[in-house]
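Take the sequence shown: its position 94, counted from the start at 1, is 227 in the numbering used here, and no numbers get skipped. Note that beta-carbon positions come from the ideal geometry of N, C-alpha and C, so glycine has one too. If you're wondering where the values come from, they're calculated on a predicted model, not measured in any experiment. Single-structure report; data block below.
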Amino acid sequence: MLFGAHVSAAGGVFNASVNAKKIGCEVVQLFSRSPQGGPASVLTKEIMANFKMAMKESNQAESYIHAPYYINLCSSNNKIRYGSISILKEELKRASLLGVKYVMTHLGSAHDLPRATAVKKVAEAVAKILGGYKGSATFLLENAAGSGNIIGDKFEELTAIINGIPAAARYNIGVCFDVCHAFASGYDLRNKASVDQVIKEFDKIIGLKYLKLIHANDSKTELNKHVDRHEHLGQGKIGLAGFKALIHHPKLRNINMIVETNDDGWGQIGDIKILKKLRK
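Following this line, the structure appears as structure tokens:
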């Protein structure tokens with residue numbers, strides 16, 4: 134199990150691994166484009182070469198791309214929905230060019246749609262994203278905190294989406310498990326017993342073969358409050374015992390962790406140090 138953080142790629146995607154090394158990362162997560170909107174920067178041959186060289190020189194074992202925040206795969210507005218599909222196709226292509234292993238995304242909000250209808254629309258959208266895809270990056274669905282009418286907070290919805298895409302495309306899909314989001318959605322992760330139960334439930338409902346990455350975020354809010362507020366490790370309502378149990382769970386040993394706390398540098402340095410200490 135390796136540890137890293139979501140870091141800034143300002144000035145060029147190749148800067149992400151440089152920034153990651155400064156805070157002790159072993160793996161790195163970044164945005165390849167603005168998370169708030171606008172076109173993505175062109176990936177020239179020079180930029181791609183610089184990214185791969187920087188990854189090697191900074192000793193980052195793997196890299197991951199987080200999709201923009203405005204993605205909504207179940208929007209009833211086709212401009213938004215099909216625009217989201219297009220963006221995610223682009224991100225998978227960009228990830229493959231850069232040698233990035235995973236692209237993860239939030240799924241979006243159902244708003245006024247019935248949940249079942251929204252889940253089906255997400256599955257159809259994912260099928261369109263992966264249809265004909267031949268790249269090397271794997272597409273990850275991220276579990277949600279359950280605020281509002283956001284899709285994907287429960288394991289049952291994630292497995293319904295996975296089962297809703299053609300079987301031939303499922304080898305290119307996985308799940309990114311956000312600890313804070315899961316806690317906010319009612320999955321208790323505060324101690325070894327509760328962690329064991331949640332992982333058992335994940336395996337039964339979704340299947341651990343789909344679990345590819347963990348977002349190691351503590352939670353500012355209490356269990357089952359459906360509020361997405363990340364906190365530094367040990368300073369939130371989950372606590373270090375839960376993260377220690379995740380790190381030492383025998384079925385998670387090959388699943389890397391990414392911290393998504395504020396990127397002021399100093400806070401993330403502390404989070405990475407804590408993860409490494411718990412790993413020992």
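Around S229, the same chain offers G268, S269, A270 as residues with beta carbons nearer than 6 Å, after the five sequence neighbours per side are excluded.
Contact between the stretch 355-369 and the stretch 305-322 is present: three or more C-beta pairs spanning the two stretches fall below 8 Å. The continuous alpha helix (DSSP H) containing H314 extends over residues 312-317. Assignment of Y235 by DSSP, reduced to helix, strand and coil, places it in the strand class.
Taking C-alpha positions only, D404 is separated from I156 by approximately 9 Å.
The distance from the Cβ of S191 to that of K226 is about 24 Å, inconsistent with a contact at the 8 Å cut-off. In this structure, the alpha-carbon of V252 lies about 11 Å from that of K287. S167 and E224 have their C-alpha atoms some 12 Å from each other.
Annotation: V259 to I298 spans about 7 Å, alpha carbon to alpha carbon. The C-alpha of K406 lies about 25 Å from the C-alpha of V331. Here D245 is exposed. Its C-beta has fewer than 16 other C-beta atoms within 10 Å. In this model, A243 and L163 are separated by some 27 Å (Cα to Cα). Here the stretch 385-397 lies against the stretch 342-356, with 3 or more beta-carbon pairs under 8 Å apart. Counting the other Cβ atoms within 10 Å of the Cβ of T238 gives 16 or more, which makes it buried. Rounded to the nearest whole angstrom, the C-alpha separation of I294 and G265 is 18 Å. Positions of the beta strand (DSSP E) runs, each at least 3 residues long and wholly inside the stretch 294-369, are given as 306-311, 344-348 in order along the chain. Counting only runs of 3+ residues, the beta strand (DSSP E) found wholly inside the stretch 179-251 occupies 196-199, 235-238, in chain order. DSSP places V161 within a strand segment (E or B) once states are collapsed to three.
DSSP lists A138 as the beta-bridge partner residues of V392. Following the DSSP letters along the chain, one finds L274 inside the beta strand (DSSP E) bounded by residues 271-275.
Annotation: the continuous alpha helix (DSSP H) that includes G375 extends over 373-380. The beta-carbon distance between A149 and V161, rounded to whole angstroms, is 5 Å. This is short enough to meet the 8 Å contact definition. In terms of Cα proximity to E159, the closest of L240, L135, V328 is L135. In the structure shown, the three-state DSSP call for I283 is strand. In this structure, V308 keeps its C-beta atom at 8 Å or more from the C-beta atom of I283.
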